[in-house]
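Engineer: Start counting at 1 in the sequence shown, then tack on 180, and there's your number in the working numbering.
Below is the structure I would like to discuss, written out as structure tokens.
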Amino acid sequence: MDTKQLLNQLNAKNVANTFDLAKENNIDHQKVIGAVNSILALNNNIIFAEPITSKCWELTSEGESVILHGSYEVNVFNAIPSDGIAQKELMQLSNAKIGFSQAMSKGWIAIDRSANKIIRKIDSVLDQVKEDLTKLKLNCDEIDNSIKQDYKKRKLIREVVIKSFNLSKGPEFTTSIMKLETELTPDMILSGSWKTTEFKTYNFEALGQMPAAGCLHPLLKVRADIRQIFLEMGFTEMPTNNFVESSFWNFDSLFQPQQHPARDSHDTFFLDDPKTSENFPQEYLDKVKEVHSKGGYGSQGYGYDWSKDEAKKNVLRTHTTAVSARMLYGLAKNFKPTKYFSIDRVFRNETLDATHLAEFHQVEGVIADYNLTLGDLIGVLYMFFERLGMTELKFKPAYNPYTEPSMEIFCYHQGLEKWIEIGNSGMFRPEMLLPMGLPDKVNVIAWGLSLERPTMIKYGINNIRDLVGPKVNLQMVQNNPICRLDK
Ligand code: PHE
Numbered sequence: 181m182d183t184k185q186l187l188n189q190l191n192a193k194n195v196a197n198t199f200d201l202a203k204e205n206n207i208d209h210q211k212v213i214g215a216v217n218s219i220l221a222l223n224n225n226i227i228f229a230e231p232i233t234s235k236c237w238e239l240t241s242e243g244e245s246v247i248l249h250g251s252y253e254v255n256v257f258n259a260i261p262s263d264g265i266a267q268k269e270l271m272q273l274s275n276a277k278i279g280f281s282q283a284m285s286k287g288w289i290a291i292d293r294s295a296n297k298i299i300r301k302i303d304s305v306l307d308q309v310k311e312d313l314t315k316l317k318l319n320c321d322e323i324d325n326s327i328k329q330d331y332k333k334r335k336l337i338r339e340v341v342i343k344s345f346n347l348s349k350g351p352e353f354t355t356s357i358m359k360l361e362t363e364l365t366p367d368m369i370l371s372g373s374w375k376t377t378e379f380k381t382y383n384f385e386a387l388g389q390m391p392a393a394g395c396l397h398p399l400l401k402v403r404a405d406i407r408q409i410f411l412e413m414g415f416t417e418m419p420t421n422n423f424v425e426s427s428f429w430n431f432d433s434l435f436q437p438q439q440h441p442a443r444d445s446h447d448t449f450f451l452d453d454p455k456t457s458e459n460f461p462q463e464y465l466d467k468v469k470e471v472h473s474k475g476g477y478g479s480q481g482y483g484y485d486w487s488k489d490e491a492k493k494n495v496l497r498t499h500t501t502a503v504s505a506r507m508l509y510g511l512a513k514n515f516k517p518t519k520y521f522s523i524d525r526v527f528r529n530e531t532l533d534a535t536h537l538a539e540f541h542q543v544e545g546v547i548a549d550y551n552l553t554l555g556d557l558i559g560v561l562y563m564f565f566e567r568l569g570m571t572e573l574k575f576k577p578a579y580n581p582y583t584e585p586s587m588e589i590f591c592y593h594q595g596l597e598k599w600i601e602i603g604n605s606g607m608f609r610p611e612m613l614l615p616m617g618l619p620d621k622v623n624v625i626a627w628g629l630s631l632e633r634p635t636m637i638k639y640g641i642n643n644i645r646d647l648v649g650p651k652v653n654l655q656m657v658q659n660n661p662i663c664r665l666d667k
């Protein structure tokens, strides 16, 4: 429908509703709305358009098919010859079950028990359902409400909300609107016609087209921010690009005994192929074996038979501390004070629930220097977490096989108004550091936290499945703002 047609029809009627106009002209409602909008854009005194919402009924696709093929009960009735039909045969018809029960309850057909057949009780029937639906399609007010409810139950029709406009004439109503020019052409300039031409005004309110662009997942945004914090604090990023790690680096080098429950398949994913790793620095391996089984460096060790086969088993790394171990071993060759960090994925055989997945990201900070103390660790944790927007911290003694002392880190969350556990930390044990060949006086302080936890808090996400995995709503990823961990 163009604007001219719309104005002519409104002129004849004085008032009209866009939805009714669409029906009368047998065109899409949106086309009428389009014409209304173009007229309003020209001048909003030509017509008035008052938005209204109303309810109406429309046919479901099943309802449409009844109009085409007849109602199920009539089809059942028509399929019965004058001498009856076996029920089994009748039931071959599509939707025969519904049709049969409708025809029975309407008293059109009966079961003849003696002949074991279905027979007609009357000669002919009228397809009232088909007729009603055809009427309703033209005007949804034609049919009684109780009948509509019945068809609604039969899923032949459904109620819909319609947003339309009531149109009336405005003070400057006219049926001959001038089409305003949208472009100044060379011809207009040459002929001088531009002087008398009316141009459409610019619409500065129009929204530009959204550029199609990719967007970062919240985890990546928080990772970028945390990485920035580490870099500003003078840390170097460790290469964490190996998800598969040998048990040797994941556990043994960290002085984690081979019977430790974390080394069980209940907690750790073991690899089938390749099942084992082979190449370990022999001299270092001997020292690790020694410290586990017999002790040394002032420690009595665990006193068990350390097995190289156990150390060879490949696992999906359970923490990025395995990478820290490799890095510290490398650092020992030519020690200088160093600050390392990493943010990458780790894997644990967890029972999945609202806050746990079998894989997550670990954020880890490591500082190696002469004569570091627990005070240094606490101080650096305050500095680090302050940059994440967490200024109140509490520490609770904890246990890790590779740190002594060890502390769980709690922070007071202003938004949630409660203390939450945020990370784990400690000073690496001499049983871990000295076999690597680090100088005696060197201490290493370290801490770890998950990337998911602060991300969920930051973005107000309660279920980890809404953040990671197949159920993630891509719109959430698109809509979430840039991350600025409050500095
Ligand atoms: N690896 C520890 C964990 O998985 C985190 C940690 C890192 C603890 C460094 C102490 C020191 O939770």
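Where is the CB? At the ideal position from N, CA and C, for every residue including glycine.
(1) Starting from residue 536, follow the beta strand (DSSP E) in both directions and report where the run begins and ends.
(2) Could you tell me the distance, in whole angstroms, from the CA atom of residue 601 to the CA atom of residue 338?
(3) Under DSSP, the beta strand (DSSP E) around residue 214 begins and ends at which residues?
(4) I'd like the ranges of any beta strand (DSSP E) spanning at least 3 consecutive residues and lying wholly in the region 538-613.
(5) Name the one or two DSSP bridge partners that residue 253 has.
(6) Quick check on this structure: which residue in 498, 547, 182 and 599 has the alpha carbon closest to the alpha carbon of residue 209?
(7) In chain order, what residues of the same chain lie with their CB nearer than 7 Å to the CB of residue 557, ignoring the 5 residues before and after it?
(8) So residue 270 and residue 260 are supposed to be a Cβ contact under 8 Å. How far apart are they, rounded?
(9) Pop quiz: residue 335 and residue 240 are said to be a contact at Cβ under 8 Å. What is the actual Cβ separation, rounded to whole angstroms?
(10) With DSSP collapsed to three states, give me the class of residue 294.
(11) Decide if the region 490-507 is in contact with the region 415-435; the criterion is three or more beta carbon pairs, one per stretch, under 8 Å apart.
(12) Note down, in chain order, each residue of its chain lying with its Cβ closer than 6 Å to the Cβ of residue 486, except the 5 sequence neighbours on either side.
(13) What runs of the alpha helix (DSSP H), each 4 residues or longer, lie entirely inside the region 404-481?
(14) Over the uninterrupted alpha helix (DSSP H) stretch that includes residue 366, give me the two end residues.
(15) Return the chain-ordered list of same chain residues with a C-beta closer than 8 Å to the C-beta of residue 649, the five sequence neighbours on each side being excluded.
(16) Apart from the five residues just before and just after residue 652, which ones in its own chain have a Cβ nearer than 7 Å to its Cβ?
(17) I'd like to confirm something about residue 626: is its beta-carbon nearer than 8 Å to some heavy atom of the ligand PHE, or not?
(18) What do you reckon, is the C-beta of residue 420 under 8 Å from a heavy atom of the ligand PHE?
(19) When the Cα of residue 583 is compared with those of 518, 520, 436 and 462, which residue comes out closest?
(20) Strictly by DSSP, which residues pair up with residue 630?
(21) Determine the extent of the beta strand (DSSP E) in which residue 305 is found, giving its start and end residues.
Structural biologist: Taking the structure as given:
(1) From DSSP, residue 536 is part of no beta strand (DSSP E); its letter is neither H nor E.
(2) 52 Å
(3) Residue 214 -> not in any beta strand (DSSP E); alpha helix (DSSP H) instead, spanning 209-222.
(4) 539-550, 573-580, 583-593 and 598-608
(5) Note: residue 253 sits in no beta bridge, so no partner.
(6) 182
(7) 605, 607 and 625
(8) 7 Å
(9) 6 Å
(10) coil
(11) yes
(12) 469, 472 and 473
(13) 427-430 and 462-473
(14) 366-371
(15) 537
(16) 646
(17) yes
(18) no
(19) 436
(20) 542
(21) Note, residue 305: premise wrong, no beta strand (DSSP E); not H, not E.
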